[in-house]
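Undergrad: Numbering (the working numbering), first residue to last: 92 to 343. Where a beta carbon is used, it is the ideal one built from N, C-alpha and C, also for glycine. It should be emphasised that the depicted structure is a prediction, and the values quoted were computed from it without experimental measurement. Got a structure here, written out as structure tokens. Questions coming.
This is the structure we're talking about:
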């Protein structure tokens, strides 16, 4: 029994190593692609409606290099995010029923679309509002804004990437529910704590005014409520699959 358990652990470690190697290979390939995408993307972000009126300065000699490398790495991670999701699914799929394997595999493209949707929401809706708010406030206070390009891109990354991850909430909840790790009652029980965490996140990434805070907080709360509804649907299917599995085991 001990040898079987040890063998299982060794097999899992070996499987994890293989998955990580695949991710590393795809990441290196994505870095090459990101090398060509980064320059036109940086130019595009510099001359959008929100940025074209600003003069972005490099306060350090290495700022252009740092921005270039950051954009390459972020673009690479975005490109391989479906691969990351697939490798995670492949690692846990042997423990799933055949039907669950097919269903959870279909979550990967939806997760990628939600990630892009979160980035798009923050960049095209939230980011312009924050920029207008800060520039208007600077004018009212008669402050001349001298922006560093490194600080500008860091702020842009801080606004967009977290929303891409947060928008994964419904798919991640459904995935964990189908695995039996989560259930709707747990999500309802921790709702007030989850709302508090989302409230803090919204406070960190928005200007200190009530409207902009609500502008971010309300969608996050709605995402959590949608996650609960999706979890309820997924949990019913999970229970049904478990009953089917027990029937099959009894008939063997």
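Can you tell me whether residue 210 is buried or exposed, with buried defined as 16 or more other CB within 10 angstroms of its CB?
TA: Residue 210 should be labelled buried.
Undergrad: Hey, is the segment 221-231 in contact with the segment 260-276, meaning 3+ C-beta pairs nearer than 8 Å?
TA: Between the segment 221-231 and the segment 260-276 there are fewer than three inter-stretch CB-CB distances shorter than 8 Å, so the stretches are not counted as touching.
Undergrad: How far does the alpha helix (DSSP H) with residue 157 in it reach, from first residue to last?
TA: 154-183
Undergrad: Note the first and the last residue of the continuous alpha helix (DSSP H) segment covering residue 293.
TA: 282-296
Undergrad: Are three or more beta carbon pairs between the segment 170-178 and the segment 149-157 nearer than 8 Å?
TA: no
Undergrad: With DSSP as the reference, label residue 148 as helix, strand or coil.
TA: strand
Undergrad: Are the Cβ atoms of residue 178 and residue 110 separated by less than 8 Å?
TA: yes
Undergrad: For residue 287, count neighbouring Cβ atoms within 10 angstroms of its own Cβ and tell me buried if that reaches 16, exposed if not.
TA: exposed
Undergrad: Please check the pair residue 250 and residue 217, which I expect to be a contact at CB under 8 Å, by giving their CB distance rounded to whole angstroms.
TA: 6 Å
Undergrad: Under 8 Å, with one C-beta from each stretch per pair, do the segment 191-206 and the segment 124-133 reach the 3-pair mark?
TA: Touching, no, given that fewer than three Cβ pairs across the two stretches are closer than 8 Å.
Undergrad: Suppose contacts are defined by Cβ-Cβ distances below 8 Å. Is residue 267 in contact with residue 318 by that definition?
TA: no
Undergrad: Determine the direct distance from the alpha carbon of residue 256 to that of residue 93, and round the result to whole angstroms.
TA: Caution is warranted here: a pLDDT of 42 is assigned to residue 93, below 50, making its placement in the model unreliable, and the coordinate value is therefore given only provisionally. Cα to Cα, residue 93 sits roughly 40 Å from residue 256.
Undergrad: When we look at the beta-carbon of residue 293 and count the other beta-carbons within 10 Å, is it buried (16 or more) or exposed?
TA: Counting Cβ neighbours within 10 Å, residue 293 comes out buried, since at least 16 surround it.
Undergrad: Assuming residue 166 and residue 132 form a contact by the criterion Cβ under 8 Å, report the distance between their Cβ atoms to the nearest whole angstrom.
TA: 7 Å
Undergrad: In chain order, what residues of the same chain lie with their CB nearer than 7 Å to the CB of residue 194, ignoring the 5 residues before and after it?
TA: 269
Undergrad: Tell me whether residue 326 sits in a helix, a strand or coil according to DSSP, three-state version.
TA: helix
Undergrad: Can you tell me whether residue 158 is buried or exposed, with buried defined as 16 or more other CB within 10 angstroms of its CB?
TA: Burial of residue 158 is indicated by the presence of at least 16 other C-beta atoms within 10 angstroms of its C-beta.
Undergrad: Are residue 254 and residue 161 close, meaning C-beta to C-beta below 8 Å?
TA: no
Undergrad: Below 7 Å CB to CB, which residues in the same chain sit around residue 290 once its five sequence neighbours on both sides are set aside?
TA: 308
Undergrad: What residues in its chain sit with their C-beta under 7 Å from that of residue 196, if we drop five residues either side in the sequence?
TA: For residue 196, the CB contacts under 7 Å within the same chain, skipping 5 residues up- and downstream, are 180 in chain order.
Undergrad: CB-CB under 6 Å to residue 260, same chain, minus the five flanking residues each way: which ones, in chain order?
TA: 314 and 318
Undergrad: Which residue from 235, 207 and 304 puts its Cα closest to that of residue 258?
TA: 207
Undergrad: Could you check where the alpha helix (DSSP H) with residue 138 kicks off and where it finishes?
TA: Unbroken run through residue 138: none, as it is neither H nor E.
Undergrad: Identify whether residue 238 lies in helix, strand or coil by the three-state DSSP scheme.
TA: If DSSP states are grouped into helix, strand and coil, residue 238 belongs with the strands.
Undergrad: With distance defined between alpha-carbon atoms, name the residue in 240, 311 and 306 nearest to residue 138.
TA: The shortest CA-to-CA distance from residue 138 to any of 240, 311 and 306 is the one to 240.
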